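Novice: I'd like to ask some things about the structure below.
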Amino acid sequence: MVPLENPPGVLVLQAEWPSWQSALPALILRVGAVLLVVGVMAWQLAHHISRPLLQLREAVRRFASGDMRARAPRQAYRHKDEIGALMEDFNAMADRMQGLLLSQRRLLGDVSHELRSPLTRASLALALAQKQLPEGAAPLDRVERELHRLEELVSSLLSLSSLNMMNRPARNDLVDLSTLVRQVAEDGAFEAESGGKQVEPHLTPGIWVRGDESLLRSALENVVRNALRYAPGGTSVGIDLRREPSGARPVRLAVRDWGPGVPDGDLGSIFRPFVRSERARERTGEGGAGLGLAIAARAVKLHRGIIRAENPSGGGLRVEMALPAADPPEDFEA
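Here the numbering used here is used: the first residue of the sequence shown is 707, the next is one more, and so on.
The structure is reproduced here in structure tokens:
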């Protein structure tokens, strides 16, 4: 307000805010409300899209890890869009692959089973022929060796077929792994003597796991036999058992030989059936079928373990199995 003298009076000055400034609070509220609604709608849309994709991803991961029953939850996602079509395609592919694998495994088991009877008859006929011919007849000795190899092959095929049909071990017992490994090492040492080789165990006592003792024994025996097959005469095969202080699979069981090793590019495939390293074949001339490590790998996987191979410095091959640990029984004394 400004006073006026002539004429007397008072001049009042008033500053007016622009109309847009007076409407600014209401505008902010409206924009905030719109953003809130849009955000909620966007979250719902993202959840609607990402949830089935995450479910599909989990199904793919399980299927890739060996769970042939893994499927995308198509019944929970009924929309007929690209995601639904992708789920249907994945499930159809999984059904087809599961059927093919099951057929292959059944065929392998059936063929192996059918081969046992004629092999048994051939072995009996060979035994009768050996009685009628002079001892040490070279042709019959060769036939005996080949029959023995065929019997081992059929036995391995049946074992692998049986393991492939399992989803978990038949038993879930407490297993004293330290004692089991010591027994396998003693058996391996007996077998190694004929080739001028040794087995050197380095075991931590009191290590226990849960599972099927016969499957675990078979896994270790196959790994040890594989190491003895390729270890040169005069060398030793080391067996190391220890428990790490932490981790999901703290039990570590390693078998190391001083043989020719495996090319780095083949390390990931030697646990597949009928796969043998060409370097090992050339160096040893052995005719193994390549089933021992496949049997070991399947047995370890059934026990929720991991098996891997590496070429350590200095030569040879090192196969390590990692298994979940179990607490010893209450009456166990270390």
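All C-beta atoms, glycine included, are put in the ideal place defined by N, C-alpha and C.
As the structure is a prediction and not an experimental result, all values here were calculated from the model.
#1: Since I believe Ser942 is in contact with Gln706 (beta carbons under 8 angstroms), could you give me their beta-carbon distance rounded to a whole number of angstroms?
#2: Quick one, are the C-beta atoms of Pro1034 and Trp914 less than 8 angstroms apart?
#3: Where Arg987 and Pro979 are concerned, what is the direct C-alpha to C-alpha distance, given to the nearest angstrom?
#4: Please state if the CB of Leu1008 and the CB of Pro845 are separated by a distance shorter than 8 angstroms.
#5: Return the chain-ordered list of same chain residues with a C-beta closer than 6 angstroms to the C-beta of Ala1002, the five sequence neighbours on each side being excluded.
#6: Which first and last residues belong to the alpha helix (DSSP H) in which Ile1001 is found?
#7: Which same chain residues, not among the five before or five after Asp963, have their C-beta less than 7 angstroms away from its C-beta?
#8: Can you tell me where the beta strand (DSSP E) with Val968 in it begins and where it stops?
#9: Buried or exposed: where does Ala895 fall if 16 or more other Cβ atoms within 10 Å of its Cβ makes it buried?
#10: With a cut-off of 8 angstroms, do at least 3 Cβ pairs link the stretch 750 to 770 to the stretch 786 to 793?
#11: Does the beta carbon of Leu864 sit closer than 8 angstroms to a beta carbon anywhere in chain D?
#12: Where does Ala770 land, buried or exposed, given buried means 16+ other C-beta within 10 angstroms?
#13: Val887 and Leu909 look like a contact to me (Cβ under 8 angstroms); what is the Cβ gap, rounded to whole Å?
#14: For Leu832, I'd like the list of residues in its chain whose CB is within less than 8 angstroms of its CB, leaving aside the five on either flank, ordered along the chain.
#15: Among the candidates Pro966, Thr885, Pro911, Val817, whose CA atom is the shortest distance from the CA of Ser867?
#16: What is the DSSP secondary structure of Glu906, reduced to helix, strand or coil?
#17: Looking only at its chain, what residues have a beta carbon closer than 6 angstroms to the beta carbon of Met774, apart from the 5 residues adjacent to it on each side?
#18: Answer with buried or exposed for Asn878, where buried requires no fewer than 16 other C-beta atoms within 10 angstroms of its C-beta.
#19: Can you list, in chain order, the stretches of the beta strand (DSSP E) that have 3 or more residues and sit fully within the stretch 782 to 866?
#20: For Gly902, count neighbouring C-beta atoms within 10 Å of its own C-beta (all shown protein chains included) and say buried if the count is 16 or more, exposed if not.
#21: At which residues does the alpha helix (DSSP H) containing Leu883 begin and terminate?
#22: CA-CA distance, Val860 and Leu808?
#23: List the endpoints of the continuous beta strand (DSSP E) containing Arg658.
#24: Taking C-alpha atoms, which residue in Arg1010, Met871, Asp893 lies nearest to Ala954?
#25: Could you pull out every residue in the same chain whose Cβ sits closer than 6 angstroms to the Cβ of Gln836, ignoring the five residues on either side in sequence?
#26: Identify, in the order they occur along the chain, each residue of the same chain with its Cβ nearer than 6 angstroms to the Cβ of Gly940, setting aside the five sequence neighbours on each side.
#27: How big is the Cα-Cα spacing for Val737 and Ala748?
#28: In whole angstroms, what is the alpha-carbon distance linking Arg694 and Arg982?
#29: Using the Cα positions of Phe796 and Gly772, report the straight-line distance between them to the nearest angstrom.
#30: Using three-state DSSP, classify Ser942 as helix, strand or coil.
#31: With DSSP as the reference, label Val766 as helix, strand or coil.
#32: Does DSSP put Met1027 in a helix, a strand or coil?
#33: Is Arg736 a contact residue of the ligand MN, with contact defined as CB to any heavy atom under 7 angstroms?
Specialist: Quick look at the numbers:
#1: Because the chain is modelled from 707 through 1040, residue 706 falls outside the range shown and cannot be assessed.
#2: yes
#3: Bear in mind that the predicted position of Arg987 carries a pLDDT of just 49, short of 50, making it too unreliable to give a figure here.
#4: no
#5: Ala925, Asn928, Val929
#6: 998 to 1008
#7: Ala933, Tyr936, Ala937, Val943, Gly1022, Leu1023
#8: Per DSSP, Val968 belongs to no beta strand (DSSP E) and is neither H nor E.
#9: buried
#10: yes
#11: Of the protein chains in the structure, only one exists, and it is not chain D.
#12: exposed
#13: 6 angstroms
#14: Leu846, Val849, Glu850, Leu853
#15: Val817
#16: strand
#17: Gln804
#18: exposed
#19: none
#20: exposed
#21: 883 to 898
#22: Between Val860 and Leu808, the C-alpha separation is close to 19 angstroms.
#23: Residue 658 falls outside the range modelled here, since the chain spans only 707 to 1040, and no answer is possible.
#24: Arg1010
#25: Hits under 6 angstroms: Leu846.
#26: Gly902
#27: Rounded to the nearest angstrom, the two C-alpha atoms are 16 angstroms apart.
#28: Given that the chain is displayed from residue 707 to residue 1040, the structure contains no residue 694 and the question cannot be resolved.
#29: 15 angstroms
#30: strand
#31: helix
#32: strand
#33: Among the ligands in the structure shown, none appear at all, so the ligand MN cannot be discussed.
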